[in-house]
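Novice: Numbering (the UniProt record's numbering), first residue to last: 1 to 157. Quick reminder that beta carbons are idealized off the backbone N, C-alpha and C, glycines included. Here the structure is a predicted model, which is why all the values come from computation and not from measurement.
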Amino acid sequence: MPEQITELSVRDALIAQSLVEVVSASNRLTRYAARATGETESPAVWRTLAVLRTSGPLRIGELAAESRVAQPTMTKIVRGLAESEWVLRIADQEDARAWQIAITAKGERAFQTWRARLGEAMLPLFSDLTDEEIEVLASASALVHARIAGQLLTAGD
1 MPEQITELSV RDALIAQSLV EVVSASNRLT RYAARATGET ESPAVWRTLA VLRTSGPLRI
61 GELAAESRVA QPTMTKIVRG LAESEWVLRI ADQEDARAWQ IAITAKGERA FQTWRARLGE
121 AMLPLFSDLT DEEIEVLASA SALVHARIAG QLLTAGD
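1. Jot down the residue ranges of each uninterrupted beta strand (DSSP E) in the UniProt domain "HTH marR-type" (12 to 146), minimum 3 residues, whole runs only, in chain order.
2. Does the pairing of the stretch 21 to 33 with the stretch 54 to 72 give three or more beta-carbon distances under 8 Å?
3. Is the beta carbon of Ala-110 within less than 7 Å of some heavy atom of the ligand ATP?
4. For Gln-100, tell me which candidate among Glu-108, Ser-84, Met-74 has the shortest Cα-Cα distance.
5. If you measure between the beta carbons of Gln-71 and Gly-80, is that distance less than 8 Å?
6. If you draw a straight line from the C-alpha of Ala-13 to the C-alpha of Val-23, how long is it?
7. So, does the stretch 99 to 118 touch the stretch 84 to 91, judging by three or more C-beta pairs under 8 Å?
8. With a 10 Å radius around its C-beta and 16 neighbouring C-beta atoms as the bar for buried, classify Leu-129 as buried or exposed.
9. Can you say whether Thr-113 is buried or exposed, counting buried as having 16 or more other CB atoms within 10 angstroms of its CB?
10. What's the call for Thr-48, buried or exposed, on a 16-neighbour Cβ count within 10 Å?
11. By how many angstroms is the C-alpha of Ile-134 removed from the C-alpha of Pro-43?
12. Under 8 Å by Cβ, that's how I've got Val-45 and Leu-63 pegged, so tell me the actual separation to the nearest angstrom.
13. Can you check which of these residues, Glu-39, Val-10, Leu-125, is closest to Phe-111 by C-alpha distance?
14. Which residues in the same chain as Glu-132 place their Cβ atom closer than 8 Å to its Cβ, once the five residues preceding and following it in sequence are excluded?
15. If we define contact as Cβ-Cβ less than 8 Å, is Leu-118 a contact residue for chain C?
16. Among Leu-19, Thr-37, Val-10, Ala-65, which has the Cα closest to the Cα of Ala-121?
So, in structure tokens, the structure goes:
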């Protein structure tokens, strides 16, 4: 049974609705970007590399949890990334029986190239923005990134 929705203040309701719209737009933008770039790699590949860039080396289970996929799925993703030399397995300093996955310099270059292609592919959709709209977009992006980064830091504690 779903939880009952609580009464929100007008301010909180506006924030909540705006965030729902941001998430919805982000999902649609992600699908648009995949079509616009003609990208053949799974979004999970880029998400995995992004997690490794942010978090540093992780065990497969941790990486799967961070990426919200099952461990066997992550094992398959990592296998493909390792074949491309975008990640490598390194010994876990805390447990000699375990391995961690780390992004390589080649993986970092691939990730940066993908981000550049992504930005270029999205540009036509936003090329007519006014200077003020560009500032709003940059500010909103920075705000969302800062909030998410802060949440990820506290969730990891």
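Specialist: So, from the data block:
1. With a minimum length of 3 residues, the continuous beta strand (DSSP E) runs that stay inside the UniProt domain "HTH marR-type" (12 to 146) are 87 to 91, 99 to 103.
2. Judged by Cβ distances under 8 Å, the stretch 21 to 33 makes no contact with the stretch 54 to 72, as fewer than three pairs qualify.
3. The ligand ATP is absent from the structure shown, which contains no ligand whatsoever.
4. Along the sequence shown, one-based indexing puts residue 100 at 100. Comparing alpha carbon positions, the residue from Glu-108, Ser-84, Met-74 closest to Gln-100 is Met-74.
5. Taking the first residue of the sequence shown as 1, we reach residue 71 at position 71. Taking the first residue of the sequence shown as 1, we reach residue 80 at position 80. Their beta carbons are not under 8 Å apart, which means Gln-71 does not touch Gly-80 by this criterion.
6. By one-based count along the sequence shown, residue 13 stands at place 13. By one-based count along the sequence shown, residue 23 stands at place 23. C-alpha separation (whole angstroms): 15 Å.
7. Look at the beta carbons and you see the stretch 99 to 118 touching the stretch 84 to 91: at least three pairs across the two are nearer than 8 Å.
8. In the sequence shown, residue 129 corresponds to position 129, counting from 1. Leu-129 should be labelled exposed.
9. Position 113 of the sequence shown holds residue 113. So Thr-113 ends up on the exposed side.
10. Locating residue 48 in the sequence shown gives position 48, counting from the first residue. Buried, since its Cβ has 16 or more Cβ neighbours within 10 Å.
11. By 1-based counting over the sequence shown, the position of residue 43 is 43. By 1-based counting over the sequence shown, the position of residue 134 is 134. If I take the Cα positions, the gap works out to 26 Å.
12. For the purposes of this step, residue 45 is taken as residue 45 along the sequence shown, with counting starting at 1. For the purposes of this step, residue 63 is taken as residue 63 along the sequence shown, with counting starting at 1. With a Cβ gap of about 12 Å, Val-45 and Leu-63 do not count as contacting.
13. As a first step, residue 111 must be located in the sequence shown, where it is residue number 111. Distance check between Phe-111 and each of Glu-39, Val-10, Leu-125 places Glu-39 closest, using alpha-carbon atoms only.
14. Here residue 132 refers to the residue found at position 132 of the sequence shown. Nothing listed; no residue qualifies.
15. Among the chains of the structure shown, chain C does not appear; only one protein chain is present.
16. Walking along the sequence shown from the start, residue 121 turns up at place 121. Of the candidates Leu-19, Thr-37, Val-10, Ala-65, the one whose C-alpha sits nearest the C-alpha of Ala-121 is Thr-37.
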